[in-house]
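A.B. asks: Below is the structure I would like to discuss, written out as structure tokens.
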Amino acid sequence: MPSSTSVSALARPPCERPVTVLPGIGPALAGHLTRLEIRTVGDLLFHLPARYEDRTRFVPIRCAAIGQSALIEGEIVAAGVAGRARPSLILDLADGGGRMRVRFFHFSPAQRRKLCVGTRMSIYGELRAGPEGPEMVHPEYRCFGEGTLQEPVLTPVYPATEGVSTKVLRRAVRAALALALPALREYLPRAEGPPGPTLAEALRLLHGPPAGCDLAAARAVLAFEELVTHHAHLLTLRHAKGQATGAQCRVPGRLLARFLKGLPFSPTAGQEAVLSEIRRDLESGRPMRRILQGDVGSGKTLVAAGAALIVIEAGFQVAIMAPTELLARQHMETFGTWLRPLGIEPLALMRLGAGAKARRAQARDQGTQLIIGTQAMFQEGVDFAHLALVIIDEQHRFGVHERQALTAKARAGTHRAHLLAMSATPIPRTLAQSVYADLDLSVLAERPPGRAAVTTVALAATRRDDVVARVRAACQGGAKAYWVCPLIEEGEMDVKAAAGLHAELMRALPGIRVGLIHGRMRAADKDRAMEDFARGPVQVLVATTVIEVGVDVPSASLLVIENAERLGLAQLHQLRGRIGRGGLPGHCVLLYKPPLGDMARARIACLRETDDGFVIARRDLDLRGAGEVFGARQTGLPGFRVADLVRDELLLPAVAKTAAALVEGDPARLLGLRQRWLRERHELASE
Ligand code: ADP
Ligand code: MG
948 MPSSTSVSAL ARPPCERPVT VLPGIGPALA GHLTRLEIRT VGDLLFHLPA RYEDRTRFVP
1008 IRCAAIGQSA LIEGEIVAAG VAGRARPSLI LDLADGGGRM RVRFFHFSPA QRRKLCVGTR
1068 MSIYGELRAG PEGPEMVHPE YRCFGEGTLQ EPVLTPVYPA TEGVSTKVLR RAVRAALALA
1128 LPALREYLPR AEGPPGPTLA EALRLLHGPP AGCDLAAARA VLAFEELVTH HAHLLTLRHA
1188 KGQATGAQCR VPGRLLARFL KGLPFSPTAG QEAVLSEIRR DLESGRPMRR ILQGDVGSGK
1248 TLVAAGAALI VIEAGFQVAI MAPTELLARQ HMETFGTWLR PLGIEPLALM RLGAGAKARR
1308 AQARDQGTQL IIGTQAMFQE GVDFAHLALV IIDEQHRFGV HERQALTAKA RAGTHRAHLL
1368 AMSATPIPRT LAQSVYADLD LSVLAERPPG RAAVTTVALA ATRRDDVVAR VRAACQGGAK
1428 AYWVCPLIEE GEMDVKAAAG LHAELMRALP GIRVGLIHGR MRAADKDRAM EDFARGPVQV
1488 LVATTVIEVG VDVPSASLLV IENAERLGLA QLHQLRGRIG RGGLPGHCVL LYKPPLGDMA
1548 RARIACLRET DDGFVIARRD LDLRGAGEVF GARQTGLPGF RVADLVRDEL LLPAVAKTAA
1608 ALVEGDPARL LGLRQRWLRE RHELASE
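Numbering (the numbering used here) for the sequence shown: 948 to 1634.
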């Protein structure tokens, strides 16, 4: 009933009212706006401009730069129609100091009459280099006497969508500001955030700043609120889980002791320390929520095995999930070798193909202690007997939502499963505490001893023949090499490129076995390719980035990466982590197509300088910005709208403090903030 809806709508604070209370927004536009997740007046307020146009001042024609937008005022000094088949209206505009051309490909007779010699007009558009000097095509325009295109403040350009232009958004936001700004609630104590304007003033500025205004303080005020909201949200998730019970695993640790004794090396101090943190969690009776950050090659797999053995000894099941089948199969190998002597046989649970039914039944079997697989293991139809620990390897490949969905299912009776997430993309501690505020953090800072150094050189692709010769010589001496051929995505093109390279190297390296692996191969073929390389006669393995994460072949000591200029720093570091795993000194060759851009140059320089994943991660953040590094894909966090973890890093300690106080003391405020920033809708949903 429309009348009762509008009455109840008006009873709410302005921010919480539906957009239809604003003039000019009917049900149709409201429908389109939902595509931008805009439903309420408050959503409009917090829909911030992506950039601004400067229409505050007129630019003399001779000062206007090609490729930039400008507001120009002048007089028409020539006008005419050119072209027979498709006539276009051509004007020459002069402003005293300069002259330019304006073209309209579509025009009405009335327009043609109006835009005649002697008319003064203002235009706004992008200046291009035309055949006879600077020109604008279809600029916005106003003739003298019709008002002006000049604006008192910068013009916001909003993220728009089908059916909702940035112009429509400008009008809607202006109406929202008028209605809701005076009554806007500040949920956080001003003294706790960064110095700056009030929230209302910050929003007013961001939606229409005066030219030359520094927006940093206004942004920081908003960023603080946004970061506090996210952080508090993660803390609530964590508290909710802290209330739950987890399978209590208080055991003597016999299996773990036997396992460690059987290893050809002893665990590092770091591995021991992390294992005791994990052990405390598992004994606590609360579900463990822990993330282990450790650089590539720091020995996270051993920690995973140790954790698994504590839980298995307590009589429960453990599941290990890897992002790729290749890695899952490698874990099957490793864990099989490690744990078989203890009487533990892992069960593989991958894509639900042939034999899946039997394996699913086995997962339900009490006797199955360890299950290793991919996401497929949490798909419908797979039940576990008493799953008490889920280990997620290379967790940055999964999002938060995925992580939560996957573990929601995992319980042993009334117990929630423990979670150990492992990540080889280490990030600075303050950032990690923010991004993973719902988890406890463990860090493996160093690699096991006895690792020989990896040298890194960058060579122009024109020197490929030298590299081939070097690989040939090394292989004749018994070395093993990866030759990575990464194109952006694992698609048809990649496979072709890898296959082409494979053929080329087979010709160039007679007498040396060259293998091939890529993502489109059947699982069994991938296994064979890996096996032939790891323990068989294949000495050079041509690969796409399928080998990027986790693959462990200690005998491989050479790595050639093609098109290295196209890869990100973290990815290059991951790939380089494939070598230098045994005692052999490693050599990494980055082949690039010259000329190198600044970013690529900086990345390569960084890789040559250091091998420390934490240093590299820091540099990656500085080069790319947090938005890229923590994009929704990596962390599953909804992308921040204002905040940027790198730019706003100094706010993080205060954010953590304020968020903790909020969760402790003020759920009502938190609810308001969550509606504002996470667009959660409790009231609207119950309407
Ligand atoms: P990541 O942290 O990248 O997953 P892995 O667990 O694959 O690293 O370990 C890398 C290599 O180091 C493996 O070959 C593993 O057997 C070996 N390793 C692990 N721990 C130790 C240790 N304490 N001493 C010597 N080698 C170790
Ligand atoms: Mg690993």
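Ideal Cβ placement from N, Cα and C applies to all residues, glycine included. All values reported here derive from a predicted model rather than from experimental measurement.
From the DSSP output, read off the bridge partner residues of Thr-1102.
C.D. replies: Answer is Glu-1000.
A.B. asks: Tell me whether Val-1024 is buried or exposed, calling it buried when 16 or more other Cβ atoms sit within 10 Å of its Cβ.
C.D. replies: Exposed, since its Cβ has fewer than 16 Cβ neighbours within 10 Å.
A.B. asks: Of all the beta strand (DSSP E) runs that stay within the bounds of the segment 1252-1314, which reach a length of 3 or more residues?
C.D. replies: Taking only runs of at least 3 residues, the beta strand (DSSP E) segments lying wholly in the segment 1252-1314 are 1264-1268 and 1294-1296.
A.B. asks: For Asp-1412, count the other beta carbons within 10 Å of its own beta carbon; 16 or more makes it buried, fewer makes it exposed. Which is it?
C.D. replies: Exposed, by the Cβ-count rule.
A.B. asks: What three-state label does DSSP hand Leu-1150 in the structure shown?
C.D. replies: Leu-1150 falls in the helix class under three-state DSSP.
A.B. asks: Relative to the ligand ADP, is the shortest distance from any of its heavy atoms to the C-beta of Arg-1528 smaller than 7 Å?
C.D. replies: It does: the Cβ of Arg-1528 is within 7 Å (strictly closer) of some heavy atom of the ligand ADP.
A.B. asks: For Thr-1108, collect the residues of the same chain with a Cβ closer than 8 Å to its Cβ; drop the 5 residues on either side in sequence, then sort them by chain order.
C.D. replies: Correct list, in chain order: His-979, Arg-982 and Leu-983.
A.B. asks: Just reading off the beta strand (DSSP E) that Glu-1073 is part of, what are its end residues?
C.D. replies: Where Glu-1073 is concerned, the enclosing beta strand (DSSP E) stretches over 1067-1073.
A.B. asks: If you reduce the DSSP assignment to three classes, tell me which class Lys-1427 lands in.
C.D. replies: In the structure shown, Lys-1427 sits in a strand (DSSP, three-state: E or B).
A.B. asks: So the beta strand (DSSP E) Thr-1403 belongs to, where does it begin and stop?
C.D. replies: Thr-1403 -> beta strand (DSSP E) spans 1401-1407.
A.B. asks: Scan the segment 1178-1206 and note each continuous beta strand (DSSP E) run of 3 residues or more that stays entirely inside, going in chain order.
C.D. replies: For the segment 1178-1206, not a single whole beta strand (DSSP E) run of length 3 or above is found.
A.B. asks: Taking the beta strand (DSSP E) that Met-1468 falls in, what are its first and last residues?
C.D. replies: It is not in any beta strand (DSSP E) - Met-1468 carries neither H nor E in the DSSP assignment.
A.B. asks: Consult DSSP for Ile-1023 and reduce its assignment to one of helix, strand or coil.
C.D. replies: Ile-1023: strand per DSSP, three-state reduction.
A.B. asks: What do you reckon, are the CB atoms on Leu-1463 and Ala-1481 nearer than 8 Å?
C.D. replies: Cβ atoms of Leu-1463 and Ala-1481: not closer than 8 Å.
A.B. asks: Taking the alpha carbon of Asp-1161 as the point to measure from, which residue in Arg-1469, Tyr-999, Gly-1483 and Arg-1525 has its own alpha carbon closest?
C.D. replies: Closest by alpha carbon: Tyr-999.
A.B. asks: Beta carbon of Ala-1408, beta carbon of Leu-1488: below 8 Å?
C.D. replies: Not a contact, by the Cβ cut-off of 8 Å.
A.B. asks: Please list the terminal residues of the continuous beta strand (DSSP E) segment that includes His-1534.
C.D. replies: Unbroken beta strand (DSSP E) run through His-1534: 1533-1539.
A.B. asks: Given that a residue counts as buried once 16 or more other Cβ atoms are within 10 Å of its Cβ, and exposed if not, what is Leu-991?
C.D. replies: So Leu-991 counts as buried.
A.B. asks: So if DSSP puts Phe-1051 in a beta bridge, which residue, or which two residues, is it bridged to?
C.D. replies: DSSP lists Leu-1036 as partners of Phe-1051.
A.B. asks: Leaving out five residues before and five after Gln-1058 in sequence, what residues of the same chain have Cβ atoms less than 8 Å from its Cβ?
C.D. replies: Leu-1036 and Phe-1051, listed in sequence order.
A.B. asks: Spatial neighbours of Met-1279 within its chain, please: CB distance less than 7 Å, with the 5 preceding and 5 following residues excluded, ordered by chain position.
C.D. replies: Only Pro-1293, Ala-1295 and Ile-1319 meet the Cβ criterion.
A.B. asks: Regarding Ala-1371 and the ligand MG, is the C-beta to nearest heavy atom distance less than 7 Å?
C.D. replies: Because some heavy atom of the ligand MG lies under 7 Å away, the Cβ of Ala-1371 counts as near it: yes.
A.B. asks: Rounded C-beta distance between Ala-1194 and Ala-1261? I'm assuming under 8 Å.
C.D. replies: About 7 Å separates the two Cβ atoms, so the contact holds.
A.B. asks: For Pro-1532 and Ser-1504, which I take to be in contact (beta-carbon distance under 8 Å), what is that distance rounded to the nearest angstrom?
C.D. replies: Contact flag correct, Cβ pair sits at about 7 Å.
A.B. asks: So, for Asp-1312: in the same chain, excluding its five sequence neighbours on each side, which residues have a beta-carbon less than 8 Å away from its beta-carbon?
C.D. replies: Taken in chain order, the residues that qualify are Ala-1332.
A.B. asks: Please classify His-1180: is it buried, with 16 or more other beta-carbons within 10 angstroms of its beta-carbon, or exposed?
C.D. replies: Classification for His-1180: buried.
A.B. asks: Rank Tyr-1134, Ala-1266 and Gln-1309 by C-alpha distance to the C-alpha of Leu-1617 and give the top, closest one.
C.D. replies: The shortest Cα separation from Leu-1617 among Tyr-1134, Ala-1266 and Gln-1309 belongs to Tyr-1134.
A.B. asks: Along the chain, where does the alpha helix (DSSP H) that runs through Gly-1080 open and close?
C.D. replies: Premise fails: Gly-1080 lies in the beta strand (DSSP E), 1080-1084, not in any alpha helix (DSSP H).
A.B. asks: Please state the DSSP three-state secondary structure of Ser-1231.
C.D. replies: Coil, per DSSP.
A.B. asks: From what residue to what residue does the alpha helix (DSSP H) around Gly-1560 run?
C.D. replies: Element bounds for Gly-1560: 1560-1571.
A.B. asks: Under 8 Å, do Asp-1595 and Leu-1174 count as touching if we go by C-beta distance?
C.D. replies: Against a cut-off of 8 Å, the Cβ pair of Leu-1174 and Asp-1595 comes out as a contact.
A.B. asks: DSSP has Cys-962 in a bridge; who is on the other side?
C.D. replies: Looking at the DSSP assignment, Cys-962 forms no beta bridge with any residue, so it has no partner.
A.B. asks: The ligand MG and Gly-1560: does the residue's C-beta get closer than 7 Å to at least one heavy atom of that ligand?
C.D. replies: No.
A.B. asks: Please list, in chain order, all residues of the same chain as Asp-1499 whose beta carbon is under 7 Å from its beta carbon, the five residues on each side excluded.
C.D. replies: Here the set comprises Gln-1277 and Arg-1528.
A.B. asks: In its own chain, which residues sit with a C-beta less than 8 Å from the C-beta of Lys-1247, not counting the 5 before and 5 after it?
C.D. replies: Leu-1239, Gly-1241, Asp-1340, Met-1369, Ala-1371 and Leu-1391, listed in sequence order.
A.B. asks: Quick one: does the C-beta of Asp-1242 sit closer than 7 Å to a heavy atom of the ligand MG?
C.D. replies: No.
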